[in-house]
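Asks: Residue 29 in this note's numbering sits at position 20 of the sequence shown, with consecutive numbering throughout.
Mind looking over this structure? Questions follow.
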Amino acid sequence: MRNRTRAGFLLVASAVALLSGCGEEPDQAQETNGFPQAAADYFADMDDGGVELNEEETKGRNTWVIWTAGNDAYWDYVSRYSFGSTDLL
Numbered sequence: 010m011r012n013r014t015r016a017g018f019l020l021v022a023s024a025v026a027l028l029s030g031c032g033e034e035p036d037q038a039q040e041t042n043g044f045p046q047a048a049a050d051y052f053a054d055m056d057d058g059g060v061e062l063n064e065e066e067t068k069g070r071n072t073w074v075i076w077t078a079g080n081d082a083y084w085d086y087v088s089r090y091s092f093g094s095t096d097l098l
């Protein structure tokens with residue numbers, strides 16, 4: 010009888026421990042406004058100082074250079090000669 014009581018207690022305690030960990034998973038996704046684009050001209054040295062970009066152009070260049078890893082020649086080649094076998098997006 011004592012073993013049954015102990016086994017029952019362990020079963021109930023295990024069930025409580027397992028079920029107490031269950032809960033609503035918090036949504037950790039963020040909105041796009043949580044990731045503002047940087048307006049700093051990180052790649053100004055690429056221009057040799059001859060080109061002045063406004064804030065939107067700077068953000069666009071920052072995004073493009075980081076997204077393509079600075080390998081625009083590769084992406085240009087792929088867009089021309091992949092015959093649709095590579096999805097660019």
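Yeah, the Cβ is synthetic: ideal placement off N, Cα and C, and Gly gets one too.
#1: Assuming phenylalanine 52 contacts valine 74 under a Cβ cut-off of 8 Å, what Cβ separation, rounded to an integer in Å, is found between them?
#2: I need the DSSP call for glycine 62, collapsed to helix, strand or coil.
#3: Determine whether the beta carbon atoms of glutamine 46 and threonine 72 lie at a separation below 8 Å.
#4: So what does DSSP say about threonine 14, is it helix, strand or coil?
#5: Which same chain residues, not among the five before or five after glutamate 64, have their C-beta less than 7 Å away from its C-beta?
#6: Rounded to the nearest angstrom, what separates alanine 59 and aspartate 85 at their Cα positions?
#7: Measuring straight from C-alpha to C-alpha, what distance separates glutamine 37 and cysteine 31?
#8: What is the DSSP secondary structure of glycine 79, reduced to helix, strand or coil?
#9: Run through DSSP, which three-state label would threonine 95 get?
Replies: Quick look at the numbers:
#1: 6 Å
#2: Before going on, a small fix: residue 62 reads as leucine here, not glycine. Leucine 62: coil per DSSP, three-state reduction.
#3: Remark: C-beta atoms of glutamine 46 and threonine 72 approach each other more closely than 8 Å.
#4: helix
#5: Ala48
#6: The sequence shown places glycine at residue 59, not alanine. Using only the alpha carbons, I get a separation of about 24 Å.
#7: 17 Å
#8: coil
#9: Taken through DSSP and simplified to helix, strand or coil, threonine 95 comes out as coil.
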